[in-house]
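Protein chains: 2
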Amino acid sequence: MAVNDIAALGARAMAHVEAIARHTDVAGQITRLYLSPAHRRAAETVRALMEQAGMAAFIDAAGSVQGRYEGADPSAPSVMIGSHIDSVVDAGRYDGVLGVVAGLVVVEELARAGRRLPCAVEVVAFGDEENVRFPTNLSTAYALSGAYDPRWLEGTDRDGVRLADALADFGGDAAAISKLARSRGSVRAYLEAHIEQGPVLEAEGLPLGVVSAIAGITRARVALRGEAGHAGTVPMPMRRDALAAAAEMIALVERIGSRREDTVATIGVCEVSPGAVNVIAGGVNLTLDARSPDDAVRRAMVAEIRTVMDAIAARRGVGLTWQTTMESPATPMAPEVADAFAASVEDLGLPARRLLSGAGHDAVAMARLAPVGMLFVRCKGGISHNPAESITAEDAGYCVRAMIEAVTRLAGA
Amino acid sequence: MAVNDIAALGARAMAHVEAIARHTDVAGQITRLYLSPAHRRAAETVRALMEQAGMAAFIDAAGSVQGRYEGADPSAPSVMIGSHIDSVVDAGRYDGVLGVVAGLVVVEELARAGRRLPCAVEVVAFGDEENVRFPTNLSTAYALSGAYDPRWLEGTDRDGVRLADALADFGGDAAAISKLARSRGSVRAYLEAHIEQGPVLEAEGLPLGVVSAIAGITRARVALRGEAGHAGTVPMPMRRDALAAAAEMIALVERIGSRREDTVATIGVCEVSPGAVNVIAGGVNLTLDARSPDDAVRRAMVAEIRTVMDAIAARRGVGLTWQTTMESPATPMAPEVADAFAASVEDLGLPARRLLSGAGHDAVAMARLAPVGMLFVRCKGGISHNPAESITAEDAGYCVRAMIEAVTRLAGA
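In the order they appear, the protein sequences are chains P and H.
Quick note on numbering: the first sequence equals residues 7 to 419 in the numbering used here.
Quick note on numbering: the second sequence equals residues 7 to 419 in the numbering used here.
Spelled out as structure tokens, the structure:
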């Protein structure tokens with residue numbers, strides 16, 4: 007495989023990324039929330055690109071774009087490549103879009119070579135991965151994998167617009183969503199390329215990584231109730247300082263989260279009341295976010311954190327209430343898909359670095375339907391959900407090349 | 007001394023407190039900021055009470071109420087009793103007011119007995135102790151002690167009203183403030199009773215305490231700059247978590263502040279950015295408030311805190327900027343005044359518990375002019391600056407009784 011090939015594939019992928027990045031609901035940003043006008047225009051752009059690549063394509067009842075490049079045996083289970091084209095507010099251009107574009111360029115390459123694989127290659131551009139606008143959870147991918155929750159249709163955005171009404175305006179069809187569900191066995195593998203959203207590949211000088219699992223997540227709110235007081239007049243031994251208690255807890259969460267390579271634990275919110283220079287903190291609200299690819303490890307970690315927090319609170323005479331706000335199990339990647347990615351990466355002369363996905367992806371929902379695998383692409387500074395999101399054209403080329411190889415392997419060609 | 011005496015003195019003091027508490031700028035609260043209409047009405051009430059007690063009284067150029075109960079020798083240096091009648095927003099009834107009322111009842115008692123002391127007894131109700139409305143610092147007390155800063159007159163409140171204009175509306179006279187300064191030697195002692203604003207006396211079951219010193223204060227803002235990141239995708243060893251750094255610092259500030267009995271150190275503000283459950287903290291702003299009656303101890307404590315914070319930040323790759331925002335030296339009480347209070351408390355059959363004042367008071371400004379001393383009164387839960395501020399009538403009675411004895415001693419009677 008020539009270097010020219012990588013450069014050409016990368017340039018093509020980057021051009022498609024730009025074509026989608028033009029669609030935004032907020033000028034000067036990339037903001038493309040699920041079912042917005044910009045999402046509709048982006049979906050039409052993707053459909054047109056799919057058709058130009060030689061696929062049969064349509065925008066489905068839930069707002070996803072589906073394209074199919076037929077295989078030698080139309081009845082054989084397909085290989086599906088997907089990711090999403092919705093974005094967070096003031097997003098970067100690559101999160102989600104790169105995975106859709108990778109699928110597009112794979113089919114372009116197959117079509118250019120006049121090549122049919124033994125089975126169809128499908129490409130899907132999901133519309134609701136960021137779960138920013140409505141209180142949903144990967145709804146468009148669950149529509150395909152058969153676990154769409156109809157209550158999601160009643161959810162409203164911050165302007166009070168129901169998802170069902172936004173979907174009708176978009177041109178979707180709430181009543182037809184249930185028919186989107188694919189039957190088990192109809193998809194032999196789901197493949198998703200995505201920017202890493204973390205710093206590991208960059209730190210190790212690697213363009214690509216093979217995801218071993220998507221971490222499970224526990225989130226909790228922890229409210230501490232101490233006693234506010236005058237910072238000058240309450241002697242140290244008589245204090246019940248909620249922030250001093252929180253500080254001990256934050257330090258221990260960091261220590262517990264750092265004990266294993268396959269865990270992270272984060273306190274991202276620390277709100278102090280009353281929060282004045284001369285007042286001892288009476289109350290503190292913390293959030294916990296704890297992740298691991300191993301559910302038993304995560305549950306044990308969270309249990310330990312909770313035990314330690316309770317002990318600190320009790321010792322200090324500080325009240326503690328714990329509310330678990332999210333409990334999401336881990337999604338292991340299917341070994342055959344991960345191995346296909348690994349072999350394809352090694353064919354490029356690169357080491358097949360296995361790594362954990364700490365963030366959730368459409369693959370979590372698709373794992374219900376088919377064996378899933380993910381390919382991570384190095385991104386600058388590990389930054390995502392930010393206009394500064396950045397990858398190189400060369401890395402995009404490596405990504406597409408590895409995806410072509412993996413699809414070919416999994417199609418049994 | 008009979009128990010009846012204490013009860014009667016306490017009841018009288020509490021009635022005067024109520025008379026002043028009626029004056030508020032916000033219905034349903036006690037809010038009486040310097041130079042407000044409620045402050046004016048409260049000052050007039052105090053002047054009337056002074057006159058009823060047999061004093062010559064007036065509201066001075068800076069808005070303080072001054073009353074004089076003449077002594078046997080009008081040229082002898084006076085004993086002065088004072089505190090303040092301004093309040094914070096949504097205040098309690100006792101902070102400041104109790105000290106003024108104690109002075110009033112002392113004179114009522116002397117007058118009722120037809121008794122003149124060798125020197126005059128003065129009572130002063132200062133107007134600007136809380137320093138809430140204008141960017142001043144004990145301005146009305148400094149007017150008497152001769153350190154009024156004329157730049158204070160140019161300071162504005164949150165509505166943009168200049169202190170000079172508010173003073174004119176109140177009926178004061180900016181140009182005459184400099185003439186309020188008393189000459190050194192004209193006041194033989196300044197005595198101030200005040201609620202403790204802390205929990206020590208309540209915890210020890212004591213109505214009264216004798217202040218040994220008013221603590222010096224250092225305040226600083228500390229800004230930490232780490233690196234924000236995705237809580238799921240940045241491995242623990244690659245993080246520069248500003249909140250984890252802050253947590254270590256908060257724990258160490260508590261430990262360093264607790265090492266001696268005569269120090270306190272408080273982190274009351276901890277603002278996290280961006281402050282989201284799934285984002286590693288990129289920045290944290292902390293405040294430090296560190297106090298001690300011994301300036302050398304305070305300076306050493308703050309230097310140690312700063313060294314430790316720098317070391318934590320450096321080890322974690324987190325940027326730190328430190329800005330000292332207040333540096334206020336300690337005010338030791340004059341031994342002869344503290345001893346007079348102690349002897350008077352012991353005459354009541356109570357132990358003379360010496361304790362530190364962590365909060366600032368008018369006595370800080372008056373120490374420039376005269377030997378000062380303070381008497382602390384037990385308050386419920388150590389609560390102040392809050393409608394829940396509470397003392398018992400009996401404790402108010404003990405306060406007045408001890409004040410009478412101390413004034414008599416210091417007047418040389």
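The C-beta atom is built at its ideal place from N, Cα and C for all residues, glycine as well.
| Query | Result |
| --- | --- |
| Segments assigned beta strand (DSSP E), at least 3 residues, entirely inside the stretch 207-242 of chain H | 214-220, 222-231 |
| Paired residues, beta bridge with residue 291/P - DSSP | 229/P, 277/P |
| Residue 3/P and residue 130/P closer than 8 Å at C-beta | Lying outside 7 to 419, the shown extent of chain P, residue 3/P is not represented and no answer is given. |
| Within chain P, partners of residue 285/H - CB distance below 7 Å | 274 |
| Cutoff 6 Å; reference residue 385/H; Cβ partners in own chain excluding five residues on either side | 201, 202, 397 |
| Residue interval of the beta strand (DSSP E) (run including residue 329/P) | 325-334 |
| CB contact below 8 Å: residue 337/H versus chain B | Note that chain B does not occur in the displayed structure, where the protein chains are P and H. |
| Whole-Å CB distance - residue 48/H paired with residue 26/H, under 8 Å assumed | 5 Å |
| Residue span of the beta strand (DSSP E) that contains residue 130/P, given as start and end | 127-132 |
| Contacting positions in the stretch 362-395 of chain H - beta carbon closer than 7 Å to chain P | 364, 365, 388, 390 |
| Distance between residue 107/P and residue 22/P (C-alpha atoms, nearest Å) | 6 Å |
| Residue-chain proximity (residue 225/P, chain H), Cβ-Cβ < 8 Å | yes |
| Cβ separation of residue 126/P and residue 36/P, assumed to be a contact under 8 Å, to the nearest whole Å | Contact doesn't hold; Cβ gap of about 31 Å is too wide. |
| Any non-hydrogen atom of the ligand COA within 7 Å of residue 232/H CB | Absence of the ligand COA from the depicted structure is noted, as is the absence of any ligand whatsoever, leaving it without description. |
| Where residue 391/P sits in the DSSP three-state scheme | coil |
| Neighbour-count burial assignment, residue 165/H, 16 or more Cβ in a 10 Å radius | exposed |
| Under 7 Å from the C-beta of residue 203/P: neighbouring residues of chain H | 236, 239 |
| Interface partners of residue 217/H on chain P, CB under 9 Å | The contacting residues do not exist; residue 217/H stays about 11 Å from chain P at best. |
| Limits of the alpha helix (DSSP H) - the one that residue 61/H falls within | It is not in any alpha helix (DSSP H) - residue 61/H carries neither H nor E in the DSSP assignment. |
| Straight-line gap, residue 344/P to residue 379/P (C-alpha atoms, nearest Å) | 5 Å |
| Pair within 8 Å by beta-carbon distance, residue 467/H and residue 199/H | Here chain H has residues from 7 to 419 only, and residue 467/H is not among them. |
| Span of the beta strand (DSSP E) around residue 69/H | Segment: none, residue 69/H is in no beta strand (DSSP E) and carries neither H nor E. |
| At least three beta-carbon pairs within less than 8 Å, the stretch 180-195 of chain H to the stretch 258-270 of chain H | no |
| Contact residues within the stretch 252-272 of chain H, judged by C-beta distance below 7 Å to chain P | 253, 254, 256, 257, 260, 263, 264, 270, 272 |
| Sequence-distant residues of its chain with Cβ nearer than 6 Å to residue 139/H (five each side left out) | 39, 40, 163 |
| Residue 360/P, enclosing beta strand (DSSP E) - first and last residue | 360-363 |
| Inter-residue CB distance, residue 290/P and residue 249/P (contact presumed, cutoff 8 Å) | 6 Å |
| Contact list for residue 297/H against chain P, beta-carbon separation under 7 Å | 238 |
| Integer Cβ distance of residue 218/H from residue 299/H, believed to fall under 8 Å | 7 Å |
| Interface partners of residue 293/P on chain H, CB under 7 Å | 283 |
| Residues, ordered as in the chain, of the stretch 93-105 of chain P that lie near chain H by beta-carbon distance below 8 Å | none |
| Nonlocal neighbours in the same chain, by C-beta distance under 6 Å from residue 358/H, ignoring five residues either side | 216, 348, 351, 352 |
| Buried or exposed (CB count within 10 angstroms, at least 16 for buried), residue 327/H | exposed |
| Segments of 3+ residues assigned as beta strand (DSSP E) that fall wholly inside the stretch 93-149 of chain P | 127-132 |
| Rounded separation between residue 389/P and residue 211/P - CA only | 16 Å |
| Backbone CA spacing between residue 405/P and residue 196/P [nearest angstrom] | 16 Å |
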